[in-house]
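This report refers to the structure that appears directly beneath it.
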Amino acid sequence: MSHGTSPTPLAARTASPLKGTVRVPGDKSISHRSLMFGALAVGRTTVRGLLESEDVLATAEAMRAVGAKIVKHADGSYTVDGIGLGSLLEPDRVIDFGNAGTGVRLTMGIFGTHDIAATFVGDASLSKRPMGRVLDPLRQMGTAVIAREGDRLPASIRGARTPAPITYRVPMASAQVKSAVLLAGLNCPGETTVIEPIPTRDHTEKMLAGFGADISVTVNEAGERVIKLQGQPTLKPQDIDVPADPSSAAFPLVAALIVPGSDIVIENVMLNEHRTGIITTLIEMGGDIELVNRRSAGGEEVADIRVKHSKLKGITVPAERAPSMIDEYPVLAIAAAFAEGDTFMPGLDELRVKESDRLAAVARGLEANGIPCVETEDTLTVTGGAKGLGGGTVVTHLDHRIAMSFLVLGMAADKPVTVDDGAVIATSFPTFTSLFNGLGADIRDAGGVAA
127 MSHGTSPTPL
137 AARTASPLKG
147 TVRVPGDKSI
157 SHRSLMFGAL
167 AVGRTTVRGL
177 LESEDVLATA
187 EAMRAVGAKI
197 VKHADGSYTV
207 DGIGLGSLLE
217 PDRVIDFGNA
227 GTGVRLTMGI
237 FGTHDIAATF
247 VGDASLSKRP
257 MGRVLDPLRQ
267 MGTAVIAREG
277 DRLPASIRGA
287 RTPAPITYRV
297 PMASAQVKSA
307 VLLAGLNCPG
317 ETTVIEPIPT
327 RDHTEKMLAG
337 FGADISVTVN
347 EAGERVIKLQ
357 GQPTLKPQDI
367 DVPADPSSAA
377 FPLVAALIVP
387 GSDIVIENVM
397 LNEHRTGIIT
407 TLIEMGGDIE
417 LVNRRSAGGE
427 EVADIRVKHS
437 KLKGITVPAE
447 RAPSMIDEYP
457 VLAIAAAFAE
467 GDTFMPGLDE
477 LRVKESDRLA
487 AVARGLEANG
497 IPCVETEDTL
507 TVTGGAKGLG
517 GGTVVTHLDH
527 RIAMSFLVLG
537 MAADKPVTVD
547 DGAVIATSFP
557 TFTSLFNGLG
567 ADIRDAGGVA
577 A
């Protein structure tokens, strides 16, 4: 895993017009859940298009550690022979999740209501991230927890022999917390209820229903989503085709908008309504973006996205849109650097607790490359149109999205942009460099050798 390897600095230089048709890797959220739900089902689940990133492969290892058989086949598909709810084996090794926040939090939910003990570790970045947001509801369900100060990794848990279902109001807009509680509820007798004041991506709810769980979603008088899950179902195996990840698609999307002369098509991108805030925002900024060949795949709407170089303008991004694009703000900040006027992004407090303090990391990266910006506790304002952009080195803080976003900047900047570690990109987008260089970009190691 990249968290144990030496840093690999990369630099992006001014690109030729980006041209061509590409398919970005499979969606990370659905890839994680396909392996988890397949492991909890009784029988064989087949997954095609799985994202083979370090994050997802860490989840595969975690599911193997409790007894699931996960095999990759010659055609690239994976099969998961599940062991069924309530039948997890106690892992005989520490579960290392590297940089995978989604993987570790959701797996804590699954393991936390089984009568097993498990210890979780991660890289330096993941070890700084708050786990109390998941461990607190697990404690309410009867899980015993030993964690580092501040409820950070390393952490050890022991599931209760008879876990208790709870009603839990999610205190922040977090699909990870919601999903962890629901996954914990799977092995609880009775009904687990999650109240979500601010809607977040709903892959867990959709996929649980597809695997046969008894789950309902309603909206109460206060406008909150109320999710009720009946515990201890028999989950049924599924055939899953993983659509392309909209978070990964955001990088070629923005790159094509800001590199003059570009015209590309990104195929088979998932258009879940809780994931498309970046597309909506870029269109509002004046982006020439067309969604074509809309269709349904695996219960999700997908489409091909055609995007051309565009003259962008600064806007105010509604704060309530943040949950639908929280991972895309770093690359949105790059688009804003090429827009006319100010782009104001409020409601970004959740960026403080991602793989890095992404809000600070983005602001420092912008400043290092001559882009005016103002950072507050939960907002970022980027002023576009500055001249002589680039020439800086960006500290990634082991954060794959920081690395990719600033390499996109280098494709349109006046001077090369360097990131201190490109190895972290393998966390979510292992083919990033080859995909972009195939479109016409120029990404090389910092010494000038093609990456």
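So for the sequence shown, this note's numbering puts the first residue at 127; every next one is plus one.
By construction, the Cβ of each residue, glycine as well, lies at the ideal position given by its N, Cα and C atoms.
Assumed close pair residue i, residue j - CB separation to whole angstroms, cut-off 8 Å
i: A273; j: A281; result: 4 Å
i: I390; j: K195; result: 39 Å between Cβ atoms; not a contact.
i: T171; j: V206; result: 4 Å
i: M537; j: A572; result: In fact, because the Cβ distance is near 16 Å, the residues do not count as touching under 8 Å.
i: L651; j: L485; result: Not covered by the structure: residue 651. The range shown for the chain is 127 to 577.
i: P369; j: M396; result: 4 Å
i: A465; j: G510; result: 4 Å
i: A186; j: L161; result: 5 Å
i: L177; j: G208; result: 20 Å between Cβ atoms; not a contact.
Element boundaries [alpha helix (DSSP H), containing residue i]
i: A529; result: H526 to A538
i: G258; result: G258 to Q266
i: R159; result: K154 to L166
i: G227; result: G227 to G238
i: G146; result: Element bounds for G146: not the alpha helix (DSSP H) but the beta strand (DSSP E), K145 to V148.
i: V457; result: Y455 to A463
Assigned exposure category for residue i - 16 Cβ within 10 Å defines buried
i: G564; result: exposed
i: L215; result: exposed
i: E180; result: buried
i: T293; result: exposed
i: A348; result: exposed
i: D371; result: buried
i: P363; result: buried
i: H199; result: exposed
i: D540; result: exposed
i: A250; result: exposed
i: G202; result: exposed
i: N419; result: exposed
i: S132; result: exposed
i: S157; result: buried
i: P297; result: exposed
i: E416; result: exposed
Residue i versus residue j - alpha carbon distance
i: K154; j: P498; result: 32 Å
i: Q356; j: L264; result: 17 Å
i: T134; j: K480; result: 21 Å
i: G268; j: I321; result: 20 Å
i: S128; j: A138; result: For S128, the pLDDT reaches just 45, beneath the cut-off of 50, and the residue's location in the model is therefore unreliable, although a value from the coordinates is still provided. S128 and A138: Cα-Cα distance of roughly 20 Å.
i: R295; j: L308; result: 12 Å
i: E410; j: I441; result: 8 Å
i: L279; j: Y455; result: 26 Å
i: T522; j: M257; result: 22 Å
i: L524; j: D483; result: 11 Å
i: L467; j: Y204; result: Reading off the sequence shown, one finds Gly at residue 467, where the question assumed Leu. Answer to the nearest angstrom: the Cα atoms are 48 Å apart.
i: V575; j: V168; result: Confidence at V575 is low in this model, with a pLDDT of 49, below 50, so its placement is unreliable and the value that follows should be read with caution. Rounded to whole angstroms, V575 to V168 spans 49 Å at the Cα level.
i: I366; j: A494; result: 43 Å
i: G316; j: A512; result: 59 Å
i: M448; j: R401; result: Looking at the sequence provided, one finds Ala at residue 448 rather than Met. Taking the straight line from one Cα to the other gives about 10 Å.
i: T406; j: P217; result: 44 Å
i: T507; j: V488; result: 11 Å
i: E275; j: R219; result: 23 Å
i: E554; j: A290; result: Glu is not the amino acid found at residue 554; the sequence shown has Ser there. Each residue's alpha carbon lies about 35 Å from the other.
Any non-hydrogen atom of the ligand SAM within 7 Å of residue i CB
i: K541; result: With respect to the ligand SAM, the structure offers nothing, as it holds no ligand at all.
Residue range of the beta strand (DSSP E) that includes residue i
i: V500; result: C499 to E501
i: F555; result: No beta strand (DSSP E) holds F555; DSSP gives it neither H nor E.
i: F470; result: D468 to M471
i: F246; result: A243 to V247
i: Q356; result: R351 to Q356
i: K198; result: K195 to K198
i: S203; result: No beta strand (DSSP E) contains S203, which DSSP labels as neither H nor E.
i: L215; result: Counting along the chain, L215 falls outside any beta strand (DSSP E), and DSSP gives it neither H nor E.
i: T507; result: L506 to T509
i: S422; result: D414 to A423
i: L639; result: Residue 639 lies beyond the stretch modelled for the chain, which goes from 127 to 577, so this question has no answer here.
i: L176; result: Taken as a continuous stretch (DSSP letters only), L176 belongs to no beta strand (DSSP E), as it is neither H nor E.
Minimum C-alpha distance to residue i - residue among the options
i: Q302; options: E216, R259 and P291; result: R259
i: I353; options: D340, L361, L261 and G536; result: D340
i: L252; options: D241, F237, F223 and Q266; result: F223
i: L438; options: G548, E454 and I460; result: I460
i: R190; options: G202, G175 and G210; result: G210
i: R231; options: Y204, S213 and V182; result: V182
i: G311; options: S213, P359 and G338; result: P359
i: N346; options: G467, L166, I324 and I221; result: I324
i: S142; options: D571, F562 and A572; result: F562
i: D475; options: L177, A465, G496 and E501; result: E501
i: V534; options: I452, L379 and G496; result: L379
i: A423; options: L136, V148, G175 and A165; result: G175
i: Q266; options: I528, T318 and R219; result: T318
i: T326; options: M451, G548, T228 and G473; result: M451
i: K434; options: P444, V428 and P386; result: P386
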